[in-house]
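Residue numbers for the sequence shown, in this note's numbering: 448 to 718.
Think of the CB as a built atom: it goes at the ideal place given N, C-alpha and C, for glycine as much as any other residue.
Computed from a predicted model, the values in this text were never measured in an experiment.
Here is the structure we will look at.
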Amino acid sequence: MTARKAAVLGVVLGFALAAAPSCGNGKPPGSCTTSNCAGCCSGTQCVTPTSDAACGQNGTTCQACTNGAVCMGGSCQGGSGGGSGSSGGGSAGGGSPSVCNTCRTSSGQCALASSVSSCGTDGGFCRTCQAEEYCIGGVCQPPSCTPANCADGCCVGTACVRQQSNTQCGLNGKTCSDCMTGTCNADAGTCVAPPPDAGGITVDDAGIPTYPDGGLVGCSAQMPCVVGCCIDPIGFCIIGNNDIFCGGPGTVCDYCAGSGRTCNLTSLTCQ
Numbered sequence: 448m449t450a451r452k453a454a455v456l457g458v459v460l461g462f463a464l465a466a467a468p469s470c471g472n473g474k475p476p477g478s479c480t481t482s483n484c485a486g487c488c489s490g491t492q493c494v495t496p497t498s499d500a501a502c503g504q505n506g507t508t509c510q511a512c513t514n515g516a517v518c519m520g521g522s523c524q525g526g527s528g529g530g531s532g533s534s535g536g537g538s539a540g541g542g543s544p545s546v547c548n549t550c551r552t553s554s555g556q557c558a559l560a561s562s563v564s565s566c567g568t569d570g571g572f573c574r575t576c577q578a579e580e581y582c583i584g585g586v587c588q589p590p591s592c593t594p595a596n597c598a599d600g601c602c603v604g605t606a607c608v609r610q611q612s613n614t615q616c617g618l619n620g621k622t623c624s625d626c627m628t629g630t631c632n633a634d635a636g637t638c639v640a641p642p643p644d645a646g647g648i649t650v651d652d653a654g655i656p657t658y659p660d661g662g663l664v665g666c667s668a669q670m671p672c673v674v675g676c677c678i679d680p681i682g683f684c685i686i687g688n689n690d691i692f693c694g695g696p697g698t699v700c701d702y703c704a705g706s707g708r709t710c711n712l713t714s715l716t717c718q
């Protein structure tokens, strides 16, 4: 063998020995460990970035998030239980409703209490309620109408009506009243009945006040009768001069016969 050929063989042998695996305690090439993988390990492959199907961090074994959980910060969060992606064999599931009774923030932490900025329940994701909404029972709900927040108006459902009208009349958070044939006194928040001669009210033979078109004269606690008493809760006026319907203008009819009394035709009260 010539000296030139020997030199070439020596160089080739040197490269081969350098590329061959050693016989020591080193890891075989292509392994996935805690020292070389910021994500999770699926066999010898380092998975990064992680996902709901392969969740973990710092070289732990990848886990699949189940039951609606998602991968956050290297562990499965939310859902109804399941293993944690950062625990190798799986744990009780940090997102389980039994662990977090409120909601979980974007970082996966359980909110200390439900509020308008962190509203939710049973370990679900927190949401921010819209303006004027309240977080009630972990659910964003529209504001309720109460005397405390509707002192200058009346309530229609949960809405506060501050612009008084003949069909929506009232103050101090009470239920709005329909003044019907009357008008609304916006300052007092009460319905005002028309004067006795307004609308041509007449009384028929049955003692029932009616309008010229035959319509009954309506009434309510906010709009008392100017002719007769108000039959509650039917809501119309009748002449109260008998034991069945006893009462004068501006009053609610009393049922004298039901308690064995009679109607005093002077005072129009049961006695």
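Tell me whether the beta-carbon of residue i lies closer than 8 Å to the beta-carbon of residue j.
i: Cys616; j: Cys602; result: no
i: Gly687; j: Leu715; result: yes
i: Gln610; j: Cys631; result: no
i: Gln510; j: Gly486; result: no
i: Ser554; j: Gly585; result: no
i: Pro659; j: Cys684; result: no
i: Cys647; j: Val639; result: Checking the sequence shown, residue 647 turns out to be Gly, not Cys. No, the Cβ-Cβ distance between Gly647 and Val639 is not below 8 Å.
i: Cys523; j: Gly506; result: no
i: Thr513; j: Cys488; result: no
i: Pro671; j: Gly636; result: no
Locate the beta strand (DSSP E) running through residue i, then write down its first and last residues.
i: Tyr581; result: 581-583
i: Phe692; result: Taken as a continuous stretch (DSSP letters only), Phe692 belongs to no beta strand (DSSP E), as it is neither H nor E.
i: Ser554; result: Per DSSP, Ser554 belongs to no beta strand (DSSP E) and is neither H nor E.
i: Gln588; result: 586-588
i: Val608; result: 606-608
i: Val546; result: That residue, Val546, is in no beta strand (DSSP E); it is neither H nor E in DSSP.
i: Gln492; result: 492-494
i: Cys602; result: 601-603
i: Cys676; result: 676-678
Leaving aside the five residues before and after residue i along the sequence, list all residues of the same chain whose C-beta is less than 6 Å from its C-beta, in chain order.
i: Asn711; result: Gln718
i: Cys576; result: Val563, Cys566, Cys582, Cys587
i: Asp679; result: Val699
i: Asn619; result: Pro594, Ala598
i: Cys502; result: Gln510, Cys512, Cys518, Cys523, Gly532
Could you tell me which residues DSSP puts in a beta bridge with residue i?
i: Ile519; result: Per the sequence shown, the amino acid found at residue 519 is Met instead of Ile. Paired residues: Ser522.
i: Cys703; result: In DSSP, Cys703 forms no bridge with anything.
i: Asn711; result: Thr716
i: Asn483; result: None; Asn483 has no bridge partner.
i: Ser624; result: Cys616
i: Ile686; result: DSSP, once it has assigned bridges, lists no residue as partnering Ile686.
i: Cys631; result: Cys638
i: Ser441; result: As shown, the chain starts at 448 and ends at 718. That puts residue 441 outside it, with no answer to give.
i: Cys566; result: Arg574
I'd like to confirm something about residue i: is its beta-carbon nearer than 7 Å to some heavy atom of the ligand COA, or not?
i: Asp652; result: The ligand COA is not part of the structure shown, which contains no ligands of any sort.
Please work out which residues of its chain come closer than 8 Å, Cβ to Cβ, to residue i, disregarding the five sequence neighbours upstream and downstream, and give them in chain order.
i: Ala446; result: Because the chain in this structure spans residues 448 to 718, residue 446 falls outside the shown range and cannot be described.
i: Arg708; result: Asp690, Cys717, Gln718
i: Gly705; result: none
i: Ser591; result: Tyr581, Thr605
Spatial neighbours of residue i within its chain, please: C-beta separation below 7 Å, excluding the five flanking residues on both sides.
i: Gly694; result: Cys676, Gly687, Cys700, Asp701, Leu715
i: Cys623; result: Cys601, Cys602, Val603, Val608, Gln615, Cys616, Gly617
i: Gly461; result: In this prediction, Gly461 scores a pLDDT of 41, lower than 50, which makes its location untrustworthy; no coordinate-derived value is stated.
**OP:** Give a yes or no on contact between the segment 484-498 and the segment 547-562, applying the rule of three or more CB pairs nearer than 8 Å.
**Re:** no
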